[in-house]
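With the working numbering, letter number 80 in the sequence shown gets 79, and the count goes up by one each step, no holes.
Remarks on the structure that follows.
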Amino acid sequence: MGEFDPKARFARSAIARLATVAPGGVPHLVPVVFAVDGDVVYTAVDAKPKSTRRLRRLANIEGNPRVSLLVDHYADDWSRLWWVRADGVAAIHRDDESMAAGCRLLRAKYPQYQSVPLDGPVIAVTVSRWSSWHA
């Protein structure tokens, strides 16, 4: 498998789980697609069908911007297991350079964004701590 490079493994992964904290300290976890630029992780609210545009993750970040993102790999061969977590502070961008940068990176990583509009806010997580484990 070669040398384990946590940030590279994280960046190459297709999906992460975004953990936010709701009022009262209740954890909230959702799968997200994302793109990485150095120590900033971008994810966006896109036009895929949702029950509301007022997503809980956005409200949670507005109340408490501390978040975690987790990517992991499972295999029946447990010698191939690994995970990488990025802990940081999230900011919601609705119309600025950070939003444009996030959209560019997401379109470059996911060909689906050529047909699915990125028309909602972008969440930019400035990572303060990377942690990982591998078998």
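Note that beta-carbon positions come from the ideal geometry of N, C-alpha and C, so glycine has one too.
This one's a predicted model, so the numbers in the text were calculated from it and none came from an experiment.
Counting only the Cα atoms, Ala-99 lies some 24 Å from Asn-63. Of the residues Ala-123, His-92 and Ala-46, the one whose Cα lies closest to the Cα of Gln-111 is Ala-46. Under the three-state reduction of DSSP output, Tyr-109 falls in the coil class, being neither helix nor strand. Judged by their CB atoms, Ala-123 and His-72 are not nearer to each other than the 7 Å cut-off.
Under DSSP, Asp-86 takes part in a beta bridge, and its partners are Ser-67 and Arg-128.
With fewer than 16 other Cβ atoms from the protein chains shown falling within 10 Å of its own Cβ, Leu-28 counts as exposed.
Residue state for Arg-16 is assigned as strand, using DSSP reduced to three classes.
Cβ-Cβ separation between Asn-59 and Val-20: approximately 6 Å, consistent with a contact (criterion under 8 Å).
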